[in-house]
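Student: Be aware that the sequence shown starts at 16, since it is given in the working numbering, and climbs by one per residue. No residue lacks a Cβ here, since even glycine has one placed at the ideal position from N, Cα and C. Keep in mind the model is a prediction, meaning the values are calculated, not measured.
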Amino acid sequence: MRLGHVDVQQPDVDATLASLPAGMGATIVPLLLSTGFHVNVDLREAMQDLDRPATLCRALGPDDRLTELLAHRLGEVGADPDRDIIILGAAGSSDTSAVRDCGTAAAMLAHHLGVTVHESYLSFAQPSVTAAVARARAEHPGRRVVVASYLLAPGYFQTLLESAGADLTTEPLLAPGRPTAPAQLVDLVLERYSQAVPVPASASVPASVAELQGTP
Numbered sequence: 016m017r018l019g020h021v022d023v024q025q026p027d028v029d030a031t032l033a034s035l036p037a038g039m040g041a042t043i044v045p046l047l048l049s050t051g052f053h054v055n056v057d058l059r060e061a062m063q064d065l066d067r068p069a070t071l072c073r074a075l076g077p078d079d080r081l082t083e084l085l086a087h088r089l090g091e092v093g094a095d096p097d098r099d100i101i102i103l104g105a106a107g108s109s110d111t112s113a114v115r116d117c118g119t120a121a122a123m124l125a126h127h128l129g130v131t132v133h134e135s136y137l138s139f140a141q142p143s144v145t146a147a148v149a150r151a152r153a154e155h156p157g158r159r160v161v162v163a164s165y166l167l168a169p170g171y172f173q174t175l176l177e178s179a180g181a182d183l184t185t186e187p188l189l190a191p192g193r194p195t196a197p198a199q200l201v202d203l204v205l206e207r208y209s210q211a212v213p214v215p216a217s218a219s220v221p222a223s224v225a226e227l228q229g230t231p
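#1: Is it buried or exposed for Pro77, if we count other Cβ within 10 angstroms and need 16 for buried?
#2: Quick check: the region 64-74 against the region 155-164, are there 3 or more CB pairs under 8 Å?
#3: Excluding sequence positions up to five away, which residues of its chain have a Cβ less than 7 Å from the Cβ of Ser109?
#4: Buried or exposed: where does Gly38 fall if 16 or more other Cβ atoms within 10 Å of its Cβ makes it buried?
#5: Using 7 Å as the threshold, is the C-beta distance between Pro169 and Pro191 below it?
#6: From the DSSP output, in three-state form, read off Ser108 for me.
#7: Are the C-beta of Glu177 and some C-beta of chain D separated by less than 7 Å?
#8: Whole angstroms are fine: how far does the CA of Pro36 sit from the CA of Leu167?
#9: How many whole angstroms separate the CB atoms of Ala105 and Tyr165, which I take to be in contact at a CB cut-off of 8 Å?
#10: Pairs of beta-carbons, one from the region 18-37 and one from the region 85-102, closer than 8 Å: are there three or more?
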């Protein structure tokens, strides 16, 4: 298992693919919550003109397991969906397919909680998280406003979410300081891989994935 980044960090996906032994195939599992520019453009461009077979898996979301994890994060901060205004805070994208996926994720969380969930974005798409929080306060004075972080990991965007003015903001799906990844995320990564490359029932789980699951 190798790691490649689609933005900012190194090694990038091109460098990771180039580092593989000659002729070795590659299956790329995007650790991304929606199908947007990185999946539709960056990763597909990285796969062009390769001297090896390569398969690109679908993004992690939207998915019921992410919905369950979002609801769990809301419970961790003490949110009460029956009384609080819930806003899904996503990164945002210039790609309409990513925005559509995030809208679906908000609708799935709304169905799971049995309440309205408003979608919002940190970049490109509208409404912005700040605007969504301000509107919720204006329309529902006296009620708490809670932002459910639809981000995979802590970083710059999570910091922006936490400064958007909500009463409560959940941790990202991969919360900092936790020794293992949530089972929902591990299951999703394994499923996306197996959908592209069926794994025999007798095959063992790769050691790096087993470590994510907390397996000795």
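Tutor: The relevant details are as follows:
#1: buried
#2: no
#3: Phe52 and Phe139
#4: exposed
#5: yes
#6: Coil.
#7: Reference to chain D is not applicable here, since this structure consists of a single protein chain.
#8: 30 Å
#9: The pair is a contact, with the Cβ atoms about 4 Å apart (cut-off 8 Å).
#10: no
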